[in-house]
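Here the sequence shown stands for residues 0 to 688, where the numbers follow numbering that gives the first Met the number 0. Where a beta carbon is used, it is the ideal one built from N, C-alpha and C, also for glycine. Here the structure is a predicted model, which is why all the values come from computation and not from measurement. Before any comments, here is the structure.
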Amino acid sequence: MKECKPIHTRRLSELLGVSQRTIYYDLDQLNNWLTEQCLEPIQNCYGKGVYLVDKTRKELIYQGIIVTDDYAYQFSEQERKLLLTIRLLTDNEPSTMRGFMDMTNMSRSSVIKDIKHVKAYLSKHYLRLHYTRPIGYQVDGSEEQKRRLVAHILSYTLLQKESDIFQKKIYQILNPFSKLYHQADHAREAILAIIHEAECELGLTLTDEMVEMLLIQLLVVVKRVKAEQIVAIDIEEKNVLRQSVYFHAAQFISNRLTTKYQLEIPDDEICFLTMSLLGLKVHHDDFRNYTERELRGLQRVVHRMVSEFQNNACVIFDDRDGLERNLISHIKPTYYRLKYDVKYSNHLTESIRKNYEEIYHFTKQVIVHLEYYVGKQIPEDEIAYISLHFGGWLKKEKKQVNVNYRAIIVCENGIGTSNMLKTQLESLIVGLDVVAVQSIREFNQQHHQVDVIFSTNYLKEKDIPVIHVAPILSNHDKERILMQVNDMFNIETVTHDETNAFMEIIARFASIRDPIGLQETLKKMLQDRTHHVKEIRKPMLNELLTEKTIQFRDHVSNWQEAIKVAAEPLVLQRAIKPTYVKEMIDNVKEMGPYIVLAPNIALPHARPETGVERLGMSFLRLKEPVYFSAKEKHRAQLIIVLAAIDNETHLTALSQLTDLLSVEENVQQLIASENIQDVQNIINQINLI
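What follows is the structure in structure tokens.
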């Protein structure tokens, strides 16, 4: 299975000295395990044999489960292009065709084809690749741009978990005297020690992926400075950077590198390193190292984002202070990455958008505050990370649950991903208490007294059982985790009484020939069903706004009456109690017209515990606007009452509503509507998109 080519089961039988029946059984067991690890199973090519798909094979090599020799590994086309690009950007001497062929183990024609793609890629980043006979290939352009592009490529390769051999090859390009990558290489270990000291100096803990990235970036610095290829930083920007505590950390790192490699690192390089440090993601941060201006500005931005998210999504964060602290820790490096044009890839973006569509939607609405602060548009990769923070702190109603299992999460990603994973696991497994979230480095340095470890990276199991998880859990992932936890702790998911109840029902209508066999079969069937995760049903907008909840009035006497009239259908349906109506009115009296989301639109709501019986939404159209304050912007003709039962169930309908109302033409059509059918036709448009 090390190789890509199919191998016939007869050949496997001969090689292993077992029957083909045993081979088929083993393949079935292996496929079950691969499925549990969220990997594609072994494929069967009719007439040729069985094989592993490339993605699965590389992941198993990465985890060390398949051991392979360097010469047997064949780089993919994407890997070859990345290797060529990194070598061209970091080589101190012109690169030759022979060197490229030896590095990639590919023919001349294949390398020429790859170089054409690399040339086009470099051109997009304002760098020019040219060839001079007999010197070779060189890249012209600013050193700063070359370094930024290398950093971007490294972020992609490290986050995508490319093969260990591929990463070793990158390490050898940057440090040609080293033979090893993840093993005990002296240069590597020395730089890791320097990074750890710098973390202590700054009072923070970098994520594992950021440590790896910084390590390779420092090797680039050493290599380029030795060749006198120095970045040039604007004088005014250097003056600003020198004021940062991160500049002192960059000086500290530079001094250590100077001692180790006997080279002098110029001030511009130290400033450029400061930019890199400012943009690194962290697991833990120390606000004492923020400047007063920096902290005040970020606090203001984050406070506005959280307030608007709560208002738009009609949710309440029970631990708002905790959320804001975590957001500040994340947004600070985001701010500096955008300011200094440092691009990091987020391999979780699509997964986040798919699994947390509504949270991403509301995050995108409030990101305008950060965009105004930064003065730039926020990329979708960054928005996705920020949405994880909001999602991780959207906790359900707190319930007192006996702690049955203590766990830790080992996660190489940042604070947002870790918190989201913690929330998901504690919601999924009754009685689970996640006592800590750690990086791999923290995990390896400590002794643990827990029942189970959840890890986003491959960890070899020792005394404590390990369950490997994806950073973002799908329903399939959740089902697999439930099965593993139940098997691990011998949890009886079906009681004896439940099985007996089914037996009694069957006995009323049929004679049972084998009661013991039937009982065991029923028990297994019921246990299998408990492993399935029932997804929280989130109704669509047209399911909540129906002919029973849509009303029309010409006018009302005041805003209090507007809320009462709009809420009447929900009271009549017993979806809400009269106390909820009173609470909505009292909230406006206390906090002002916060429910007016835009001119002509008001969204009254309150906390679920003040009188919500079940999820509901009602709609009132007024011909004459009602004013929630003396200001013109606080008038409304569309009053939509929301009765949410938690922080989650209403999000789909509400995100559809905000999409609908974000188009002024739709708002005007709703105001002009004369009957229920008119409103329903407009609402149904959003369900067709």
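For residue j and residue i, believed in contact at Cβ under 8 Å, the rounded distance
i      : j      : result
Leu650 : Lys537 : 6 Å
Ile594 : Pro603 : 5 Å
Leu87  : Leu128 : 7 Å
Leu472 : Val465 : That belief does not hold up - the Cβ atoms of Leu472 and Val465 are roughly 16 Å apart, past 8 Å.
Leu203 : Val281 : 5 Å
Arg187 : Thr89  : Incorrect: roughly 17 Å between the Cβ atoms, too far for contact.
Leu173 : Ile215 : 6 Å
Leu569 : Ala642 : 6 Å
Leu427 : Leu481 : 7 Å
Ile366 : Ile385 : 7 Å
Ile675 : Gln636 : No, Ile675 and Gln636 are not in contact; Cβ-Cβ is about 17 Å, not under 8 Å.
Residues near residue i by beta carbon distance below 7 Å, same chain, minus five either side
i      : result
Lys259 : Ala189
His633 : Pro592, Val595, Tyr626 and Phe627
Asn683 : Asn541
Phe442 : Val409
Val449 : Arg405, Ala406, Ile407, Val434 and Ile463
Asp284 : Leu203 and Ser328
Ile194 : Val210, Leu213 and Leu214
Glu411 : Thr206, Asp207, Glu208, Ser438, Ile439, Thr455 and Asn456
Beta-carbon contacts of residue i that lie in its chain and below 6 Å, excluding the five residues immediately before and after
i      : result
Leu543 : Met616 and Ala652
Thr8   : Gln19 and Ile22
Lys398 : Low local confidence applies: a pLDDT of 47 at Lys398 is under 50, so the model's placement there is unreliable, with the coordinate-based value given in what follows. Counting only Cβ-Cβ distances below 6 Å, and skipping sequence neighbours, we find nothing.
Phe246 : Leu240 and Thr273
Leu337 : Val373 and Lys375
Environment of residue i [buried if 16+ CB atoms lie within 10 Å]
i      : result
Cys270 : buried
Met212 : buried
Ile111 : exposed
Ser661 : exposed
Glu396 : Annotation note: pLDDT 45 at Glu396 (below 50); position unreliable, coordinate value reported separately. Exposed is the call here.
Pro624 : buried
Gln42  : exposed
Thr692 : Since the first residue of the chain shown is 0 and the last is 688, residue 692 is not available in this structure.
Asp113 : buried
Gln487 : Here residue 487 is Met; the residue named in the question, Gln, does not match the sequence. Answer is exposed; the Cβ neighbour count stays below 16.
Val402 : exposed
Ile511 : exposed
Leu179 : Reliability of the predicted coordinates at Leu179 is poor, the pLDDT of 44 falling under 50, and the value obtained from them is presented with this limitation in mind. Flag for Leu179 reads exposed.
Tyr334 : buried
Asn345 : buried
Ala565 : buried
Met419 : buried
Ala561 : buried
Candidates the options: closest to residue i by CA position
i      : options                           : result
Ser654 : Val611, Val219, Ser473 and Tyr355 : Tyr355
Thr455 : Lys461, Val436 and Asp462         : Val436
Ile600 : Ile366, Phe627, Val365 and Val580 : Phe627
Ala312 : Leu26, Leu596 and Asp677          : Leu596
Asn310 : Val341, Gln364, Val484 and Glu323 : Gln364
Asp267 : Gln228, Arg255 and His302         : Gln228
Pro332 : Glu357, Tyr404 and Ile414         : Ile414
Ser106 : Tyr343, Glu76 and Tyr245          : Glu76
Lys54  : Glu78, Lys47 and Ile638           : Glu78
Ala605 : Arg147, Gln679 and Asn646         : Asn646
Leu695 : Val52, Ile377 and Val555          : Within the shown structure, residues of the chain are numbered from 0 to 688, placing residue 695 beyond reach of any answer.
Asn586 : Gln559, Tyr136 and Pro598         : Gln559
Thr648 : Val611, Ile675, Asn665 and Lys342 : Val611
Leu121 : Thr131, Thr84 and Gly135          : Thr84
Gln171 : Phe453, Lys225, Met102 and Lys118 : Met102
Tyr130 : Gln550, Ser109 and Ser94          : Ser94
Leu26  : Phe251, Leu11 and Lys461          : Leu11
C-beta neighbour in chain C for residue i, strict 8 Å
i      : result
Arg324 : Of the protein chains in the structure, only one exists, and it is not chain C.
Cut-off 8 Å between Cβ atoms - residues of its own chain near residue i, not counting five sequence neighbours on either side
i      : result
Cys199 : none
Lys421 : Gly391, Ile408, Val433 and Val436
Thr156 : Leu81, Phe165, Gln166 and Ile169
His368 : Val300, Arg303, Met304 and Glu307
Leu521 : Thr498, Phe501 and Met502
Glu691 : No information on residue 691 is available, as it lies outside the stretch 0 to 688 that the chain covers here.
Val219 : Thr89, Arg146, Val149 and Leu173
Gln668 : Asp677 and Ile681
Arg552 : Val564, Leu619, Arg620, Leu621 and Lys622
Between the segment 281-295 and the segment 261-270, can you find at least three pairs of beta-carbon atoms closer than 8 Å? no
With three or more C-beta pairs closer than 8 Å as the rule, is the segment 324-334 touching the segment 290-305? yes
May I ask you to verify whether the segment 226-241 touches the segment 131-147, counting CB pairs closer than 8 Å and requiring at least 3? yes
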